[in-house]
Amino acid sequence: MAERFGLHTTDLECLDLLFMRKAATPGELAAATGLSSGAMTALLDRLERAGYVERQADPGDRRRVLLHIKAEAIKPIEAVYRPMQARMQELWSGYSQAELATIVDFIKRSTDLAVSCVADMRGDAAPMPPKRSRSKG
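What follows is the structure, given as structure tokens:
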């Protein structure tokens, strides 16, 4: 889908995060995606040049920048996802409130666990020693 709009997959992921949050700092997006600050800056520069996002000073802290989606710019993306959203809504409507609560709990706990495991793996990852070539002799 990202390619359809001339975006990288991570660009589309960040647009989705911004859409759901309404606003975020570059640091919040970097933490959510696992991107370095340099990679996040490059991503945001691409999205800004393409007209999808704008940077604004945080009214609560002028040293921080908040990112916002330009609503008009994402209308074509929303239109492509609208049929899927309608079908998902139809699926979800077949579940009771209690069942949906269980599903949400499962997804949240699974996501939290996955994030924790990735953090553990990053912290425990020791660099692999280079392989030595066998000398022929």
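In my numbering, the protein residues as written are -6 to 130. Glycine included, C-beta positions come from ideal geometry on N, C-alpha and C.
Classify residue i as buried or exposed, calling it buried when 16 or more other Cβ atoms lie within 10 Å of its own Cβ.
{"i": "Met13", "result": "exposed"}
{"i": "Val108", "result": "exposed"}
{"i": "Met77", "result": "exposed"}
{"i": "Met81", "result": "exposed"}
{"i": "Pro52", "result": "exposed"}
{"i": "Leu93", "result": "exposed"}
{"i": "Leu40", "result": "buried"}
Could you give the residue range of the alpha helix (DSSP H) that holds residue i?
{"i": "Leu84", "result": "68 to 85"}
{"i": "Ala23", "result": "19 to 26"}
{"i": "Ala32", "result": "30 to 42"}
{"i": "Glu6", "result": "2 to 14"}
Checking 8 Å against the spacing of the C-beta atoms, do residue i and residue j come in under that value?
{"i": "Tyr45", "j": "Ala66", "result": "yes"}
{"i": "Leu28", "j": "Asp4", "result": "no"}
{"i": "Arg57", "j": "Thr18", "result": "yes"}
{"i": "Met(-6)", "j": "Val73", "result": "yes"}
Since residue i and residue j should fall inside the 8 Å C-beta cutoff, what is the C-beta to C-beta distance between them, to a whole number of angstroms?
{"i": "Phe(-2)", "j": "Ile62", "result": "The Cβ separation is near 13 Å, so there is no contact."}
{"i": "Leu180", "j": "Leu11", "result": "Any question about residue 180 goes unanswered here, given that the chain covers just -6 to 130."}
{"i": "Cys7", "j": "Thr26", "result": "6 Å"}
Does residue i get closer than 8 Å to chain B when you measure Cβ to Cβ?
{"i": "Val73", "result": "You won't find chain B in this structure, because it holds only one protein chain."}
Tell me which residue opens and which closes the beta strand (DSSP E) that residue i is part of.
{"i": "Arg55", "result": "54 to 62"}
{"i": "Glu47", "result": "46 to 51"}
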